[in-house]
Each structure stands twice: as structure tokens, then as C-alpha cells.
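Below is one structure, written out as C-alpha cells; comments come after it.
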Amino acid sequence: MSYHASRRTLLAAAALAAVTAGGAASAARGVLPTPDDPRPAADDPMSAADDPRSGDRAGSARQAARLLDRMSLEEKVGQLFVSRAYGHSATDPDPADAEKNLAQFGVRTAAELVSRYHLGGVIYFAWAQNTRSPHQIAELSNGLQRAAAATGAGVPLLLSTDQEHGIIARIGKPATLLPGAMALGAGRSTAAARRAGRIAGTELASMGIRQDYAPVADVNVNPANPVIGVRSFGSDPRAVAGLVAAQVRGYQGAGVAATAKHFPGHGDTETDSHVGLPVMRHTRARWEELDEPPFRAAVAAGVDAVMTAHIVFPALDPSEDPATLSHPIVTGILRERLGFGGVVVTDALDMAGVRQKYGDDRIPVLALKAGCDQLLNAPDLALAQRAVLAAVAAGELSEARIEESVLRILELKARRGLFADPYTSAARVDAATGTAAHLAAADAIAAGTTTLLANPDKLLPLDPGVAPRLLVTGTDPASPSGTTGPPTSVLARELTALGCRASAVAPARAVAAAPGHAAVLVCTYNVPDGESPQRTLVTELLATGVPVVVVAIRNPYDPARLPRCAAELATYSWTDVELRAAARVITGAARPAGRLPVPVPGRYPLGHGLAYG
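4 is the number of the first residue of the sequence shown in our numbering; add one for each residue after it.
The following block contains the structure:
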């Protein structure tokens, strides 16, 4: 037997053992309702057998090993990379997008990008013009898969995006928009979390997207965290762990690879890793108690992928390398301590957090040496691939090490059904995306998330039977997906639909317009400590004598930074589904059921939430 053949035999055996162990971790569970059932499922776990694309894990590993034999080193290295590409079409982008592709990659189209760089995957972004509509996304996906099929190895792409829902949603209407993580944390239902994942996964798969960079497994214990916040399920590690596992089962039950992120935990930082390098000060014991449980739960649930964090964690690795580049963290903890045998994907390599210490030519090499498999969104793709090939030529990376990662990636593609059928169709999009049943399920899930924080004088619920005049004002942040909002107008519209007479006005006009209204509802958004325009607005509205209702539409910490009001609610996001739920609570069409999944320092404890008497 040749050296290469024997080496690949050993690698295939290792891959087979890993996927078999992964399968055992998620065995023998209950059954999830069909994707079009709008009712939340019962709180019973679900089986790997419920995943329609899970297939034969051992067979997937053997198929991956056979394919590896046909691949050149350049093709293997290409499989490691997941890149952005500009344009709504694989072959006919708008001229401006073609110019961006040319400037950054030396090609004009996404299809040429796939061919030239032998890509393993493409990540979709709204700002890259990839996600205009579900039908357009499906056509883009098919065009990219055709380009991949025409390359030498013919390996299908793993197409991915960040569709966390809530405040991170790359794909908007007419796709279903669901409550995000912290809203689900407030709802406290693993069934609802799994249901949301199942709906999201079903719709993504219909568009040809087979990997979602969700769920967020970070435990958010820092109100000043600028990058996680409501993207986390909460601050209780046990509750977060249960919801993470539920979402993993939901996504993967729909045939989409879930990705737990950001390992080893990004929930207690005050720096955004997109713009700087956060340092996590937890002790090893604190990490084991707080940050580890959700990732351990994701692994036990059979998660396909884990994303690393660009954070320094001295208690886990004193070298002060970012976790993405840390062998003790990626291999020592994630692989060996947690027993994770799936795909490790880096967070985006164009983020400042991973580029502080090393150059762009060293980062992909060091990530592979640390134990990562997929290299996400390198700032200079050509440089990154040359660097990996040079490291192999110099002996810094062995070809066997490259093949270990490629086998994991190929096995995931096989298990997700990409070799059997990488394409989608308009009919699949129409059958799965934004259906009446999915939209109804989103509203049903959201109904359990709105949290009533204060109602001292029993102002709420307002009685729509008397058609109260309401004024809605406050902050109108841009829609996460570009397809909803503005929130003050949406809230006014929904209140009117429920029998009130509500109108939205800009903050500059709100104080003068307030007299004569039954209440003023103020949408607040991440109110800072100390004086601020939002605090001033609430203070001046209170001085009019009209009851003020604060609706915190992002982080629930806002009420602690404002004067006490007649009522205070938290919605955890400002997409239409959350605002509809809030309107129903405000008018009594629904009872408030959410409980705080994080404490609000100085105001409310973890688990706080009022009900109507």
C-alpha cells in the first residue's frame, strides 16, 4: 500500500470514528411536528433520525474519503475557504458588484471566484447584494453550485449565512422573521426555540443555504457587551444550554448545519471583536461554570459546526493568542475536552480581533495549526491560499493535516445531502418560505416573549374598546434585514389594528403633541448611562403629565437608565413580529408571559416579569 493510500485510510477511519461518535451523542429521542404545523412542539427532545438529510453518517465519511483521493492539493486547500462574493447573480452581477469582485479577487463574477479558488463555500451578506429575495437567493445558489460542479473536483459548495433572527437577519420579508435568541430566552420554552430553528432551517434550505451561523451559545453576563447582548439566550448557563441544544436540533432537523458560536464564549466582553481584540478575564473555574455548558450541550446535541471567537482568554491559553489561533483552546478544549469531532469554523478573518497580532498571511496557517477547519471570509483570499500552500511546501503544515479538515468538511456536505442534490427550485422556495403556517408560528412563538417589567398603576392593559388615543415615538433603528419597520410606525399600526387610535411622531414633535393622549409609548434603543437624548425625551414627556410607557426594543437594560414610568416592557428586537406581540400585550389581546433572561442591574432580577391580574 502506498504512503498516501495508507494515510488516507487512517484519515477515513478517524473520520468514520468521529461521525459515529457524533451520531451516538444524539440518539433515540422524540418526534418534531411537520414544518408547517404552526403550534409549538411539546418539550420533548428530537432524534437525529428526524433530520431528513442526516443520512448514513458512516457512509458519508466513506464517501468523503473516496472523493479526497481525486483532489489535488490546491483543490483541498480551496475546500477550507468560505468567502464572500459580490452580486445577486452567480454569472451576471450588477456592474458595481463586478468591479468589487475584480478589485478584491481578480474575477468579475461569483462563479469565476468559485472556479479560480476551488472554494469550499460562500457566505451570503445583504451588503454584498446576495440576499435581495428568496427566489433570487435560490437562483444565486443554483448558479454557484453549477460553477462548483464544473470545476475539476466537482465538489458542491456549502452555502452559508448569519440568520440568527432577532437583530441579525440577512434575509428579510417575504421570508419568515422569528424572535431572536434573548426573546426566546424570555419565553423559556425549548420547544419554541426548536420550532423556530426548524422553521428557519426549512426556509434556508429551500434557498440552497445549508449552513447557518447560529445559534449563539455565548452567555451574556455583561450589560456593556457591545456585540452579543440580545444575540444571547441569556445569563443563566443552564437555560442557555437547553435553548442552544433545542435550536441545534431544530436547524439540523430541517437539513441545515447549525453552528454554535463563539467558542470559548464571548458573553462577558466590553470590546467588539469586529473592531478590537477583547480579553476575557474569567478564571478557568468560572469558564467551566458559565461559558462551557452551552457548548457542551451543543456538542451533545450533535451540532455540525462550532465557530471560534477572536478573543484572548488568558486562563485558557496564556500565550494571549486569539482563541481562533489557539491550539490549547481549539484542540485541547473543544476537540479533546468536549469531544467535538465536527467542523470548526473561524469567525470572519477580516475582523480586527484576529488581525491585531499577526499578518493576514499568517492567520490562516495559525488557525489550521490550532485545529480549525473552515477559514471564513479572509480579507485577501489569494494571499491566504498562497500562505497555506507555502506552509505545506515548507513542512509547517502537513498535507495530512489539510486532509483531516477537508474530510470533516466533505463528510458534512455529504451528510447534509449536497452530493445527492445540491440544487433547489422556485417551487421549493414557494412551498417553504414565508408560508402562512410559518408566519402564524412566528407570532405564536413571539406571544410568549414580551416581558412586562413595570406596571405600578395598572395602566396596562389599555382597553381598545374605548379606542384610546395613543402617541408612539422614540428611536427608529434600521431594520436588521432591511425589510421591516420603522418600529414606531409598525407599533402604531398594530395598536390601531387592535382598536386603538395610535399615531407615530418624531421625537422632536412628541412633547408638544402629547397632551390629550391616553398614553405615550416611547421606543428606546440601547440607552446609555448618564444623560442622553433618549433620557431627555422621556423626562420631558413625563413632565406633560401624560402616562409614559417605555418599550425597550433591543437590550432590556434601558429602563434602569431612565426615570420610572407608568409601564415598561422589553421586546428584545424591533422586527415586526416582536412589535406585533408587544401591541397585543399592551392592549390585553395577549397576556405578558416573558421573563427576563438577564438581570437588569439596579432595577430587576433575573426571571422578573409581571402578569396581568
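Don't be surprised by glycine CBs; every beta carbon is placed ideally from N, CA and C.
| query | result |
| --- | --- |
| Same chain, Cβ closer than 6 Å to residue 296, neighbours up to 5 away in sequence not counted | 240 and 244 |
| Environment of residue 401 [buried if 16+ CB atoms lie within 10 Å] | exposed |
| Meets three-Cβ-pair contact criterion under 8 Å: the segment 201-214 and the segment 449-458 | no |
| Contact set for residue 178: own chain, Cβ-Cβ below 6 Å, skip 5 residues either direction | 137, 206, 436 and 437 |
| According to DSSP, residues forming a beta bridge with residue 607 | 603 |
| Secondary structure of residue 234, DSSP reduced to three states | helix |
| C-alpha gap between residue 100 and residue 131, whole angstroms | 8 Å |
| Sufficient close CB pairs (3 or more, under 8 Å) joining the segment 375-394 to the segment 343-352 | yes |
| Close Cβ partners of residue 392 (< 8 Å) along its chain, the five nearest in sequence each way excluded | 76, 77 and 80 |
| Alpha-carbon to alpha-carbon, residue 407 and residue 218 | 25 Å |
| Touch test, the segment 498-510 against the segment 461-476, Cβ-Cβ under 8 Å, three pairs minimum | yes |
| Inter-residue spacing [alpha-carbon to alpha-carbon] between residue 284 and residue 186 | 27 Å |
| Contact check, residue 161 vs residue 372, beta carbons under 8 Å | no |
| Heavy atom of the ligand SAM within 7 Å of residue 488 beta-carbon | Among the ligands in the structure shown, none appear at all, so the ligand SAM cannot be discussed. |
| Extent of the continuous beta strand (DSSP E) run through residue 472 | 472-477 |
| Cut-off 7 Å between Cβ atoms - residues of its own chain near residue 543, not counting five sequence neighbours on either side | 514 |
| Beta carbon of residue 315 nearer than 8 Å to that of residue 280 | yes |
| Buried versus exposed, by CB contacts within 10 Å (16 or more), residue 469 | exposed |
| Three-state secondary structure assigned by DSSP to residue 634 | Because residue 634 is not part of the residues shown, which for the chain are 4 to 616, the question remains open. |
| Limits of the unbroken beta strand (DSSP E) element including residue 377 | Taken as a continuous stretch (DSSP letters only), residue 377 belongs to no beta strand (DSSP E), as it is neither H nor E. |
| Which listed residue (84, 495, 566 and 446) has its alpha carbon closest to that of residue 390 | 84 |
| 8 Å Cβ cutoff met for residue 619 and residue 530 | Nothing can be reported for residue 619, as the shown portion of the chain is limited to 4 through 616. |
| Three-state secondary structure assigned by DSSP to residue 266 | strand |
| Length of the line joining the Cα atoms of residue 427 and residue 556 | 36 Å |
| Status (buried if at least 16 other CB within 10 Å, exposed otherwise) for residue 461 | exposed |
| Member of 573, 354, 198 and 169 whose CA lies at the smallest distance from the CA of residue 481 | 169 |
| Rounded C-alpha distance that separates residue 337 from residue 305 | 14 Å |
| The segment 380-389 / the segment 358-372 touching (three or more Cβ pairs under 8 Å) | yes |
| Residue 579 classed as buried or exposed, judged by whether at least 16 other C-beta atoms fall within 10 angstroms | buried |
| Inter-residue Cα distance where the pair is residue 196 and residue 325 | 31 Å |
| Residue 598 to residue 490 span [Cα, whole Å] | 22 Å |
| Local Cβ density within 10 Å of residue 159, reported as buried at 16 or more and exposed below that | buried |
| Ordered list of alpha helix (DSSP H) runs contained in the segment 340-403, each at least 4 residues | 366-373 and 384-397 |
| Residue interval of the beta strand (DSSP E) (run including residue 86) | 84-86 |
| Local Cβ density within 10 Å of residue 419, reported as buried at 16 or more and exposed below that | buried |
| Spatial neighbours of residue 282 in its chain, beta-carbon cut-off 6 Å, leaving aside the 5 residues before and after | 315 |
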